[in-house]
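Beneath this line is the structure, given in structure tokens, with notes to follow.
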Ligand code: ACM
């Protein structure tokens, strides 16, 4: 089956005078409460871990009585002459200043005040021993009444501990100083070595500034791998000095549909690339945050952009053009020695830019049609005694493995690289579910799990009507929290091959940096806990509770996270004859107390509490949100309750005619990205919508808002499943409305004038005659072709009175 992601698819510390200033500003450490304060009823009795809102939750945490109190000016001492430790201290103090408004003076390692005056100590100590820790990422953090001590064996451990300490500093972002941190001891280390996220700049490119921000946010969740998908059919995004056309030509495409032409009728050029200078800067930035960037250069498929730049690298010699389509393309590299020279030269520059041990060579979805059809490729196979095209890809991968290994690097690729045999040193990234991981680990390969759909964050995080474009099989916060990176079929020895997991941010439906951020958080917080914290510490309810504070951190950091887990879904049932509406409220996680208003005001913690479905007059508006600890968990969602509004359905609120067999996507109209852009919920194979049980008694006609978008999908063999319908009345195409069933009576057909195509959305008035009682309405398009793809934006039943 094809992947329809369419896819289904500062300043130096040793500056002169620094210590003097630091001395003058050093925190006067406040006294500590004695153990007896534990029984002081005025102290909140806070359960261990959850109240501290640490994500990911640490391996072990023990609270003790009392608090460390941080005053206006505090100091941070570094007990190491290690430059990395100094950098971490700088990073930490800058973060605390930025997000908590607290200034920390940094004391140099050589400062005589370092032991006596400072409130916080960062210590690198190779003798630190932590239970069960075989990583180099562990740390121990002790908060005592007069001093906070963070100890780690490695700089990476120190960094992780600093992130935990930052979280302790941001338990209540709104609190005024002094800031109190409960006395405790944390010993912590990761469950998995590979804790990743993947960014895809090929479909829509993210700005270099955003990539850095993304890395920052990763580090604050203790993620340590950024897999960077730098090349694909839709764009080549990395400057390669030896082959300038890769970016002069391969980095640019013309958007599909109306978006491909500007206001002056000129073709639009869309794309971009990262210069080597920008990449070096991003890599250095990531290193300072202990995130390794694993670059991916796709081969032998997903190579259309490269082959458009240098057609001689392809099988046909023809220039296919940089693609504006999503899906599986059939353009492959050829297997001439000169193509390997090209790929090796590219990888040489890539290795020069990225110090990562792993280099990703893609390997997925290499549809073999061109290799099969090419006499030259077939001759080469005979010459090499290679039996089929799968074995040819295996031979291709082995050549790259030999090259990478000669340069001290390790090959990693998508699970297709297993087909036809793979050298044992290669690591497999399992995306077609977990079966690739199981097979690979059984064969003795290291594996990284990033299965579709479980960790494909292009799947929507909820099913609220205001969800953005994406793949509508919801991957909820809870789905991610419950993801098990160790497939059940592996025994203990095989399971040791699981390096970890990552979530993939395929960007077909993320045209903006903000849309990437929204798809990532808070689901990435759930994944961070799965991958860092021991299974015994996983606790869904505790996680949700901790997320309340984590969301406040996101707001402070400027992360535009998704509200899908907590926002209230307002379900209405219209009782037209009695002018009443039944209202049901719920949120995805069933977390928090839902409160609502019917007077147009914003809900507050004092608003009526929702206790179960109720009935109210069909007028005005309902607004609802869920609260926890008196804080709203999401923006209030509103719904008009007047009769006309209750007779309105967006395409996502209609039912799909083939919910289980099609390829259902939420696709944006090809108008500029923005709040007014229509999002169509549509089945690519057979666009068809049902309004079940519509009460038609008093309905005069229906209004249907429709749009057409380019069918920019490469479906490979699945193109056979796409249904086209012949128009019955209007040869240029029509919208058909059927009664009761899709093969029931044709109620109406309305012409789709060609001029309507690509002009945003258009409202059609559909006379349906008079039909007493309740009926289902089936709506679909008949144009005799599938491109452009016509889709419904919304349907309105219009009453006679
Ligand atoms: C993939 O989603 N084709 C790795």
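Numbering (my numbering), first residue to last: 96 to 896.
For every residue, glycine included, the Cβ atom is placed at its ideal position computed from N, Cα and C.
Can you name, in chain order, every residue of its own chain whose Cβ lies under 8 Å from the Cβ of residue i, other than the five neighbours on each side?
i: residue 868; result: 790, 791, 792
i: residue 889; result: 743, 744, 745, 746, 799, 800
i: residue 89; result: Here the chain has residues from 96 to 896 only, and residue 89 is not among them.
i: residue 773; result: 763, 764, 766, 800, 802, 855, 856, 888
i: residue 507; result: 389, 453, 454, 455, 456, 521, 522, 523, 524, 543
i: residue 617; result: 572, 642, 645, 646, 649, 656, 657, 660
i: residue 414; result: 402, 403, 406
i: residue 443; result: 502
So, is residue i buried or exposed, given that buried needs 16 or more other C-beta atoms within 10 angstroms?
i: residue 878; result: buried
i: residue 157; result: exposed
i: residue 164; result: buried
i: residue 178; result: exposed
i: residue 496; result: buried
i: residue 949; result: With the chain running from 96 to 896 in the structure shown, residue 949 is simply not present.
i: residue 123; result: Bear in mind that the predicted position of residue 123 carries a pLDDT of just 25, short of 50, making it too unreliable to give a figure here.
i: residue 770; result: exposed
i: residue 863; result: buried
i: residue 666; result: exposed
i: residue 739; result: exposed
i: residue 933; result: The question about residue 933 has no answer, for the chain in this structure spans 96 to 896.
i: residue 725; result: exposed
i: residue 174; result: buried
i: residue 117; result: Any answer about residue 117 is weak, because its pLDDT of 27 lies below 50 and its placement is not dependable; what the coordinates show is given next. With 16 or more Cβ atoms within 10 Å of its Cβ, residue 117 is classed as buried.
i: residue 422; result: buried
i: residue 895; result: exposed
i: residue 334; result: buried
i: residue 121; result: Low per-residue confidence applies at residue 121: pLDDT is 25, beneath 50, and the placement is therefore not dependable, though the value from the model is reported in the following sentence. It is buried - the Cβ of residue 121 has at least 16 other Cβ atoms within 10 Å.
i: residue 677; result: exposed
Check whether the Cβ of residue i sits closer than 7 Å to any heavy atom of ligand 2, and report yes or no.
i: residue 526; result: With respect to ligand 2, the structure offers nothing, as its ligand set consists of ligand 1.
Within its chain, find whatever has a CB closer than 6 Å to the CB of residue i; leave out the 5 residues flanking it on each side and keep chain order.
i: residue 110; result: Interpretation of residue 110 is limited by its pLDDT of 29, a score under 50 that renders its predicted location unreliable; the figure taken from the coordinates is listed afterwards. Correct list: empty, nothing qualifies.
i: residue 891; result: 743, 798
i: residue 686; result: 639
i: residue 613; result: 655, 657
i: residue 873; result: 785, 833, 837
i: residue 498; result: 439
i: residue 761; result: 564, 565, 567, 774, 776
i: residue 733; result: 716, 718
i: residue 155; result: 282
i: residue 48; result: Past the edges of the chain, shown from 96 to 896, lies residue 48, and the structure says nothing about it.
CB-CB under 7 Å to residue i, same chain, minus the five flanking residues each way: which ones, in chain order?
i: residue 66; result: With the chain represented from 96 up to 896, any question about residue 66 goes unanswered, as that position is not in the structure.
i: residue 395; result: 427, 428, 461, 488, 491
i: residue 493; result: 518
i: residue 299; result: 602, 605, 606
Across the stretch 672-685 and the stretch 707-715, are there enough close Cβ pairs to call them in contact, namely three or more that are closer than 8 Å?
Cβ pair count under 8 Å is three or more, so yes.
List, from N- to C-terminal side, the beta strand (DSSP E) runs of 3 residues or more that fit wholly inside the stretch 276-321.
289-294
Could you check whether the stretch 776-788 touches the stretch 852-863, counting it as contact only if at least three pairs of C-beta atoms, one from each stretch, sit closer than 8 Å?
When C-beta atoms of the stretch 776-788 are compared with those of the stretch 852-863, fewer than three pairs fall below 8 Å, so the two segments do not count as touching.
Uninterrupted beta strand (DSSP E) stretches inside the stretch 140-201 (no shorter than 3 residues):
155-165, 168-174
Note down, one range per segment and in chain order, each beta strand (DSSP E) of at least 3 residues found wholly within the stretch 405-480.
Runs found: 453-457.
Could you tell me which uninterrupted alpha helix (DSSP H) segments, each at least 4 residues in length, are contained entirely in the stretch 501-573, listed from first to last along the chain?
530-537
For the stretch 693-701 against the stretch 623-634, are there 3 or more C-beta pairs whose distance is under 8 Å?
no
Taking 8 Å as the threshold, find out whether the stretch 478-488 comes into contact with the stretch 536-552 through three or more Cβ pairs.
no
Indicate whether the contact test is met: 3 or more Cβ pairs, each with one atom in the stretch 512-519 and one in the stretch 563-577, closer than 8 Å.
The stretch 512-519 vs the stretch 563-577: no contact.
Are three or more beta carbon pairs between the stretch 405-412 and the stretch 424-431 nearer than 8 Å?
yes
Would you be able to state if there are at least three C-beta pairs under 8 Å between the stretch 396-405 and the stretch 319-336?
Contact between the stretch 319-336 and the stretch 396-405 is present, because at least three Cβ pairs lie under 8 Å.
Is the stretch 816-826 in contact with the stretch 474-481, if contact means three or more CB pairs nearer than 8 Å?
Under the 8 Å Cβ criterion, the stretch 816-826 does not count as touching the stretch 474-481, having fewer than three qualifying pairs.
Any chance you could list the beta strand (DSSP E) runs of at least 3 consecutive residues sitting entirely within the stretch 692-757, in chain order?
709-712, 716-723, 732-735, 743-745
So, do the stretch 588-602 and the stretch 282-296 have three or more beta carbon pairs nearer to each other than 8 Å?
Yes, the stretch 588-602 touches the stretch 282-296.
Would you call the stretch 273-292 and the stretch 348-364 touching, i.e. three or more CB-CB distances under 8 Å?
Contact between the stretch 273-292 and the stretch 348-364 is absent: fewer than 3 CB-CB pairs across the two stretches fall below 8 Å.
For the structure I just gave you, are there three or more beta carbon pairs, one from the stretch 746-756 and one from the stretch 587-601, closer than 8 Å?
no
Is there contact here, the stretch 222-236 with the stretch 249-262, by at least three beta-carbon pairs under 8 Å?
yes
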